[in-house]
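Position in the first sequence (first residue = 1) + 26 = the numbering used here. Glycine residues also receive a C-beta, built at the ideal position from the N, C-alpha and C atoms. In this text, all values refer to a predicted model and were calculated from it rather than measured experimentally.
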Amino acid sequence: MSLAEILNGPPEDAAPAILGRYVRANGVTLRITETEAYAGTAGDPASHAYRRRTVRNASMFEGPGTLYVYFSYGMHWCVNITCGPVDVAAAVLLRAGRVVDGLEEARRGRTVKDRDLARGPARLTRTLGIDREADGTNLLDGKGPLILVDGPREPVGTIRRGPRTGVSQGADTPWRFWIDGDETVSPYRRSPRAPAIRNDALRE
DNA sequence: ATCATGATCTGC
DNA sequence: CAGATCATGATC
Numbered sequence: 027m028s029l030a031e032i033l034n035g036p037p038e039d040a041a042p043a044i045l046g047r048y049v050r051a052n053g054v055t056l057r058i059t060e061t062e063a064y065a066g067t068a069g070d071p072a073s074h075a076y077r078r079r080t081v082r083n084a085s086m087f088e089g090p091g092t093l094y095v096y097f098s099y100g101m102h103w104c105v106n107i108t109c110g111p112v113d114v115a116a117a118v119l120l121r122a123g124r125v126v127d128g129l130e131e132a133r134r135g136r137t138v139k140d141r142d143l144a145r146g147p148a149r150l151t152r153t154l155g156i157d158r159e160a161d162g163t164n165l166l167d168g169k170g171p172l173i174l175v176d177g178p179r180e181p182v183g184t185i186r187r188g189p190r191t192g193v194s195q196g197a198d199t200p201w202r203f204w205i206d207g208d209e210t211v212s213p214y215r216r217s218p219r220a221p222a223i224r225n226d227a228l229r230e
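See the structure below:
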């Protein structure tokens with residue numbers, strides 16, 4: 027399936043389809059190992075675009091392949107790839123990946139284990155050298171700083187799914203996807219503000 | 001287990 | 001216009 031087809035679809039289909047694919051930015055190449063889907067105003071209370079279009083979330087309402095880069099917890103940047111048609115604010119959050127090329131560049135002076143370089147959405151974004159400047163750029167037009175490699179995907183093994191990390195609303199929607207057994211996948215943390223775990227919630 | 005740190009949103 | 005919230009990571 028082509029990238030354009032994937033990004034034209036709903037986020038819960040695009041998120042697992044992006045696993046195992048390669049992203050490249052600023053001389054660093056990553057193999058994506060963990061993603062999360064967020065629907066826009068279509069009934070997903072965990073989405074930044076749940077209520078309405080704002081200055082911050084405007085990129086989520088653009089066409090498929092648009093980057094939505096947001097600032098979180100006063101210090102971190104995180105990257106989403108918008109999917110679905112214009113005005114449908116759905117997106118896929120890139121949560122973790124493995125550095126496969128540009129290891130020296132990826133380090134950026136940090137002394138962490140290789141597997142931790144892009145383990146978690148903020149570290150992934152920093153490792154790729156992405157920040158606010160990339161917000162609103164499109165990865166399909168080849169002009170922005172981030173490239174998602176198109177073409178057929180190599181086999182990824184078992185894909186697993188479970189609830190999304192750290193969200194207080196919609197905490198049981200199983201829209202987090204990861205490659206089973208990969209050591210670069212980030213640890214799951216339920217939001218302390220989320221309601222108690224429902225007995226019908228999906229197990230990981 | 002707790003803190004760091006600031007943009008954004010919401011309710012007053 | 002102020003206070004709560006936050007799709008987290010590093011360090012204690």
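Query	Result
Could you please give me the residues that DSSP links to glycine 188 through a beta bridge?	Arg202
Report the start-end ranges of each beta strand (DSSP E) in the segment 107-179 that is 3 residues or longer and not cut off at the edges.	116-127 and 172-174
Can at least three beta-carbon pairs, one atom from the segment 141-148 and one from the segment 97-117, be found at a separation below 8 Å?	yes
Taking the beta strand (DSSP E) that glutamate 88 belongs to, which residues open and close that run?	Element bounds for glutamate 88: n/a, residue is neither H nor E.
Three or more beta-carbon pairs under 8 Å between the segment 82-91 and the segment 151-160, yes or no?	no
Based on Cα-Cα distance, which residue from Asp167, Pro200 and Arg133 lies nearest to isoleucine 185?	Pro200
Please classify glycine 53: is it buried, with 16 or more other beta-carbons within 10 angstroms of its beta-carbon, or exposed?	exposed
What number of angstroms, rounded off, separates the C-alpha of alanine 117 from the C-alpha of glycine 135?	31 Å
If you reduce the DSSP assignment to three classes, tell me which class alanine 58 lands in.	Just to set this straight, residue 58 is isoleucine in the shown sequence, not alanine. In the structure shown, isoleucine 58 sits in a strand (DSSP, three-state: E or B).
Between the alpha carbons of alanine 30 and alanine 220, how many angstroms are there, rounded?	35 Å
Identify the continuous beta strand (DSSP E) that holds alanine 51 and give its terminal residues.	48-51
When the Cα atoms are used, what is the spatial distance from valine 138 to tyrosine 94?	27 Å
Do you know offhand how far glutamate 62's Cα is from tyrosine 96's?	15 Å
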